[in-house]
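**Q** Residue numbers (our numbering): 683 to 926.
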């Protein structure tokens, strides 16, 4: 992951719409390859993210650029790898501008990835409960894609219940998960999730018992994704195992 860079805000004549989070923002986030601009207060960024706080308080070039800005003109933080829509929705929610906003499943996945990147998972706990909705319409042609989005978001935001329920919903479907695994931002995670669901799916079909993946046991698995760890108390998230 490359480190976002800071630069003085463009003072040229080119006019570009700037999305506002609050008023009188002293920082402009320039997000994605299309350079969408989001203006926000640095104090807010530092409050919600240790990563932004480290950048803006740094004694290196990033912090110097902020402290030496001319005539209090906003500085720009260049974030070429991030998704502007997800960044804007996440910041609006955390700022309290539009907490009722219901992002798409793709947006929720990208928001979760940003939250992990900028160390804001705890701050998004309230929104995770509202935004993460387990897909139920299995007849929808995009059902698996939507469910995969929610599965990734649940894992990134450490939401074990929707993770289990969503993986259970995917387990009840047919077909390969390879393309979803390979499209995951972290391919190792994607392939691991695909393997876990396939393992659970095989046993679920043979026993005719619907089942999902236990997130804690998935995270710490060493031999099998269906094996319940000794410390795990989520018996309902595992197949019944005959005591040895």
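Note that the Cβ used here is the ideal one computed from N, Cα and C, for glycine as well.
#1: Could you check which residue in 787, 812, 818 and 788 has the C-alpha nearest to that of residue 775?
#2: Counting only the same chain and skipping the five closest in sequence on each side, list residues whose C-beta sits under 6 Å from that of residue 724.
#3: Could you check whether the region 845-857 touches the region 887-903, counting it as contact only if at least three pairs of C-beta atoms, one from each stretch, sit closer than 8 Å?
#4: Can you tell which of 750, 796 and 922 has the C-alpha that lies nearest to the C-alpha of residue 891?
#5: In the DSSP assignment, what are the bridge partners of residue 718?
#6: Report the rounded CA-to-CA distance for residue 825 versus residue 854, giving the unit in angstroms.
#7: Restricting to runs no shorter than 3 residues, where is the beta strand (DSSP E) found entirely within the region 763-820?
#8: How close, in whole Å, do the beta carbons of residue 769 and residue 711 come, if the pair is a contact with beta carbons under 8 Å?
#9: Residue 798 and residue 733: beta carbons closer than 8 Å?
#10: Check whether the region 904-918 touches the region 869-881, counting contact only when three or more Cβ pairs, one atom from each stretch, lie closer than 8 Å.
#11: Hey, is residue 740's beta-carbon within less than 8 Å of any beta-carbon in chain C?
#12: Report the rounded CA-to-CA distance for residue 817 versus residue 918, giving the unit in angstroms.
#13: In terms of DSSP beta bridges, what is residue 929 paired with?
#14: Please name the residue, chosen from 720, 749 and 830, that lies closest to residue 789 on a Cα-to-Cα basis.
#15: Does the beta-carbon of residue 791 have 16 or more other beta-carbons within 10 angstroms, so that it is buried, or is it exposed?
#16: Nearest to residue 872 by CA position, among 823, 735 and 837, is which residue?
#17: Cα-Cα, which of 722, 730 and 772 is closest to residue 757?
#18: Please state whether the Cβ-Cβ distance between residue 835 and residue 766 is less than 8 Å.
#19: In whole angstroms, give me the CA-to-CA distance for residue 869 and residue 753.
#20: Where does residue 837 fall in DSSP's three states?
#21: Which two residues bound the contiguous alpha helix (DSSP H) that contains residue 902?
#22: Quick one: which unbroken alpha helix (DSSP H) runs of 4-plus residues sit fully inside the region 821-873? Chain order, please.
#23: Taking buried to mean at least 16 other C-beta atoms within 10 Å of its own C-beta, is residue 705 buried or exposed?
#24: Rounded to the nearest angstrom, how far is the Cβ of residue 761 from that of residue 713, given a contact under 8 Å?
#25: Per DSSP, what kind of secondary structure is residue 912 in: helix, strand or coil?
**A** Answer, in terms of the structure:
#1: 812
#2: 708, 709 and 738
#3: Enough Cβ pairs lie closer than 8 Å, so yes.
#4: Nearest C-alpha to residue 891 among 750, 796 and 922: 922.
#5: 713
#6: 12 Å
#7: Unbroken beta strand (DSSP E) runs of no fewer than 3 residues, entirely contained in the region 763-820, are not found.
#8: 7 Å
#9: no
#10: yes
#11: Any reference to chain C falls outside this structure, which holds one protein chain only.
#12: 20 Å
#13: Nothing in the structure corresponds to residue 929, since the chain is present only between 683 and 926.
#14: Shortest Cα-Cα distance from residue 789 to any of 720, 749 and 830 involves 830.
#15: Flag for residue 791 reads buried.
#16: Comparing Cα-Cα distances from residue 872 to each of 823, 735 and 837, the minimum goes to 837.
#17: 722
#18: no
#19: 45 Å
#20: helix
#21: For residue 902, there is no enclosing alpha helix (DSSP H), as DSSP marks it with neither H nor E.
#22: Entirely contained in the region 821-873, the alpha helix (DSSP H) runs reaching 4 residues are, in chain order, 825-838, 842-853 and 860-864.
#23: exposed
#24: 5 Å
#25: Residue state for residue 912 is assigned as coil, using DSSP reduced to three classes.
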